[in-house]
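Colleague: What follows is a single structure, and I will ask about it in a moment.
Numbering (the UniProt record's numbering), first residue to last: 1 to 236.
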């Protein structure tokens, strides 16, 4: 895919979602880190419902390590994998207190060493909390990138990230990340993508395949009806 094709994709998605942004509610880097950690295999909407009360009760790393694990588990019970996440949160907070003065480190290399913080989480934190350009590849970004041939079908998450970083101008990385998420979450959905009204259908291999299948299916469904009509005419 050449640069002009990439530009066309980015501009088209930008026109659809010009104000795309992080939908996890937070007021600082620490809250964002906790929210992203909680969001694994969970919707942002559910996380936001939980953090409304969570962030009122726990404002610092010390607050999280000062309660029994069972209490924290109860506070995030609506979140999937809540036991593991509670464990990661308390371990993460202990390290922040011991090694970083209770603050979230700004260096990506330091972030990924924290319990429960992978490359995606670190990218979200550095880009949204510290203004460092980054592309976090979640399920939406991965799906959209592969459907639009910005990455290969068999590419790993890291390979998708590297290809996007190479194709997209650095100063657009963070905004592109948000726009790809919005495009995948609200338009190019996993199960029911809006291919029939998609302005990128001409460059989407998945969309072309789905639309071709839909046409073939409609044609097959029409054939019996035509035969029935012809039979009725003969009998009449």
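Even glycine gets a Cβ: it sits at the ideal position worked out from N, Cα and C.
The model shown is predicted, which means the values in this text are computed figures rather than measured ones.
#1: I want to know whether the segment 34-42 touches the segment 114-126 - three or more CB-CB distances under 8 Å.
#2: Are the Cβ atoms of residue 98 and residue 86 separated by less than 8 Å?
#3: Rounded to whole angstroms, how far is the Cβ of residue 12 from the Cβ of residue 193, which I believe are closer than 8 Å?
#4: Following the continuous alpha helix (DSSP H) through residue 99, name the residue where it begins and the one where it ends.
#5: Less than 8 Å between the beta carbons of residue 89 and residue 29, yes or no?
#6: Could you check if residue 26 is buried or exposed, using at least 16 other CB atoms within 10 Å of its CB as the buried criterion?
#7: I'd like to know whether the C-beta atoms of residue 140 and residue 205 end up nearer to each other than 8 Å.
#8: Please list the terminal residues of the continuous alpha helix (DSSP H) segment that includes residue 238.
#9: Between the Cα of residue 16 and the Cα atoms of 188, 128, 213 and 209, which residue gives the shortest distance?
#10: Expressed to the nearest angstrom, what Euclidean distance is found between the alpha-carbon atoms of residue 167 and residue 149?
#11: Under a three-way DSSP split, which group does residue 118 fall into?
#12: Leaving out the 5 sequence neighbours to the left and right, which residues in its chain are closer than 7 Å to residue 144 when beta-carbon positions are compared?
#13: Should residue 142 and residue 117 be called a contact, given that it needs their Cβ atoms to be closer than 8 Å?
#14: Enumerate, from N- to C-terminal direction, the unbroken alpha helix (DSSP H) stretches of 4 or more residues contained entirely within the segment 1-41.
#15: Let me confirm a value: residue 136 is counted as buried when at least 16 other C-beta atoms fall within 10 Å, else exposed. Which label applies?
#16: Using beta-carbon positions only, say whether residue 78 and residue 46 come within less than 8 Å of one another.
#17: If you run the structure through DSSP and keep just helix, strand and coil, what is residue 196?
#18: What do you get for residue 120, buried or exposed, if any count of 16 or more other CB atoms within 10 angstroms of its CB means buried?
#19: Let's see if you can read the secondary structure: which residues bound the alpha helix (DSSP H) around residue 161?
#20: Determine the burial state of residue 2: buried for a count of at least 16 other Cβ atoms within 10 Å of its Cβ, exposed for fewer.
#21: In the structure shown, what three-state DSSP assignment does residue 213 receive?
#22: CA-CA distance, residue 163 and residue 4?
Modeller: Considering the structure as presented:
#1: yes
#2: Here residue 98 refers to the residue found at position 98 when the chain shown is read from its first residue. Here residue 86 refers to the residue found at position 86 when the chain shown is read from its first residue. Not in contact: residue 98 and residue 86 (Cβ atoms no closer than 8 Å).
#3: Locating residue 12 in the chain shown gives position 12, counting from the first residue. Locating residue 193 in the chain shown gives position 193, counting from the first residue. Not confirmed; about 15 Å, so no contact.
#4: As a working note, residue 99 is residue 99 in the chain shown. From DSSP, the alpha helix (DSSP H) with residue 99 extends over 82-99.
#5: Locating residue 89 in the chain shown gives position 89, counting from the first residue. Locating residue 29 in the chain shown gives position 29, counting from the first residue. No, the Cβ-Cβ distance between residue 89 and residue 29 is not below 8 Å.
#6: Along the chain shown, one-based indexing puts residue 26 at 26. So residue 26 ends up on the buried side.
#7: Within the chain shown, the letter at position 140 stands for residue 140. Within the chain shown, the letter at position 205 stands for residue 205. No; because the gap between Cβ atoms is not below 8 Å, this pair is not in contact.
#8: Any answer about residue 238 is impossible in this case: the structure gives the chain only from 1 up to 236.
#9: Counting from one through the chain shown, the residue named residue 16 turns up at place 16. Nearest of 188, 128, 213 and 209 to residue 16, Cα basis: 188.
#10: Here residue 167 corresponds to residue number 167 of the chain shown, with the count starting at 1. Here residue 149 corresponds to residue number 149 of the chain shown, with the count starting at 1. C-alpha separation (whole angstroms): 12 Å.
#11: Taking the chain shown and counting its residues from 1, the one referred to as residue 118 is at position 118. Residue 118: coil per DSSP, three-state reduction.
#12: For the purposes of this step, residue 144 is taken as residue 144 along the chain shown, with counting starting at 1. These residues qualify, in order along the chain: 180, 183, 184 and 188.
#13: Within the chain shown, the letter at position 142 stands for residue 142. Within the chain shown, the letter at position 117 stands for residue 117. Not closer than 8 Å, so no.
#14: 3-16 and 29-38
#15: Translated into the one-based positions of the chain shown, residue 136 becomes position 136. That one is buried.
#16: As a working note, residue 78 is residue 78 in the chain shown. As a working note, residue 46 is residue 46 in the chain shown. For residue 78 and residue 46, yes; Cβs fall inside 8 Å.
#17: As a first step, residue 196 must be located in the chain shown, where it is residue number 196. Helix, per DSSP.
#18: Start at 1 with the first residue of the chain shown, and residue 120 comes out as number 120. With 16 or more Cβ atoms within 10 Å of its Cβ, residue 120 is classed as buried.
#19: Working through the chain shown from its first residue, we reach residue 161 at position 161. Run containing residue 161: 157-167, per the alpha helix (DSSP H) assignment.
#20: Against the chain shown, residue 2 aligns to sequence position 2. Exposed is the call here.
#21: Here the question's residue 213 lines up with position 213 in the chain shown. Assignment of residue 213 by DSSP, reduced to helix, strand and coil, places it in the helix class.
#22: For the purposes of this step, residue 163 is taken as residue 163 along the chain shown, with counting starting at 1. For the purposes of this step, residue 4 is taken as residue 4 along the chain shown, with counting starting at 1. Their backbone Cα atoms lie some 16 Å apart in a straight line.
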